C-alpha cells in the first residue's frame, strides 16, 4: 500500500491526489483561456505588465538567443523577449491547448511567426533534449505545477551551460499587516471580479488559494539552488506581491 503523504498535493486549499492536479489545473485554464489577459489585469490591478517589463530588464535578452517559455500560453513573455532580443527564437510550451490557441490568435504571433513554436507539454517532463535553450522563463505558472522542484530540475536539464532561468510568480509580502490587507483584497474581491468578468468564480478562487500555498521567496530561492542553479537571487516586485527568481546553469 502506497504512502498517501507521497501521493497527495494541494489544489488551492484542497488536498488532492497528485495524479489529479494537472487535469484540474487544465480545467481552470481551459475555463479562463479566452479571458486570461483580462484575468492577469484583475489579479494584479494591471501591474503584471510592469512586472513583465522588469523581468525583461533583468533578463536583458540578446540577439540570437533561444528561449523556452514554459506555461507561456498567450505568448506575453515570448513577444517581449523577441522584441528586446531583436532576433532570436522562442518555444512557447503550455499544458493547455486553448491557452496556446489564444496566444496564436494575437497579432504579435502573426508578426513573429518565423521566430515562434507553440508546443503542448508538461513542465515536469519537457519534450526537449538536454542543453537546448539559452533562456528558460516561467511566468505565473510554476505554482500550478504539481511538483515545482521537478519543473526546476527539468529547466536545468534543457538549458545550455551558461543558460539562464527566470521565474516570475506571485509571492508573499514581508509584513504581516500588509499581507492580511492583501489577503482581504485577494479572497474577497478577485473571485467576485472573476464571476463578473468571466462568469467564473471557482477558477479565480483557486488561483488566489494557489498563491497562498506557494513557497515564500527564501524557500523558493533554496529550491532553485537545489535544482543546481548557481548565482541564484531574487527581487521583490511591488513589495513582494510578486517576485523574480533568477539562476544560472554554470
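In the UniProt record's numbering, the protein residues as written are 1 to 250. Quick reminder that beta carbons are idealized off the backbone N, C-alpha and C, glycines included. Note that the structure is a prediction, hence the values are computed from the model and not measured.
Local conformation of residue i per DSSP, three classes
| i | result |
| --- | --- |
| residue 120 | strand |
| residue 14 | strand |
| residue 48 | helix |
| residue 29 | helix |
| residue 242 | strand |
| residue 188 | helix |
| residue 76 | helix |
| residue 166 | strand |
| residue 235 | strand |
| residue 157 | helix |
| residue 250 | coil |
| residue 183 | helix |
Assumed close pair residue i, residue j - CB separation to whole angstroms, cut-off 8 Å
| i | j | result |
| --- | --- | --- |
| residue 73 | residue 103 | 6 Å |
| residue 168 | residue 55 | 5 Å |
| residue 194 | residue 224 | Not really, about 30 Å apart at Cβ, beyond 8 Å. |
| residue 139 | residue 52 | 7 Å |
| residue 92 | residue 118 | 5 Å |
| residue 151 | residue 123 | 4 Å |
Cβ-based burial, residue i [other Cβ within 10 Å; buried from 16]
| i | result |
| --- | --- |
| residue 175 | exposed |
| residue 58 | exposed |
| residue 230 | exposed |
| residue 166 | buried |
| residue 114 | exposed |
| residue 110 | exposed |
| residue 125 | exposed |
| residue 222 | exposed |
| residue 309 | This structure does not reach residue 309, given that the chain is present from 1 up to 250, and the question cannot be answered. |
| residue 60 | exposed |
| residue 300 | As shown, the chain starts at 1 and ends at 250. That puts residue 300 outside it, with no answer to give. |
Residue i Cβ short of 6 Å to the ligand ZN heavy atom set
| i | result |
| --- | --- |
| residue 181 | As for the ligand ZN, it is missing from this structure, which has no ligand bound. |
Option nearest residue i by Cα separation, candidates the options
| i | options | result |
| --- | --- | --- |
| residue 198 | 25, 22, 43 and 7 | 43 |
| residue 196 | 39, 225 and 27 | 39 |
| residue 173 | 218, 144 and 163 | 218 |
| residue 228 | 79, 249 and 67 | 249 |
| residue 177 | 203, 239, 21 and 37 | 239 |
| residue 226 | 153, 200, 235 and 50 | 153 |
| residue 18 | 145, 37 and 45 | 145 |
Counting Cβ pairs, one atom from each stretch, are 3 or more of them under 8 Å apart for the stretch 127-137 and the stretch 210-229? no
Cβ pair count under 8 Å reaching 3, the stretch 12-20 against the stretch 177-189: no
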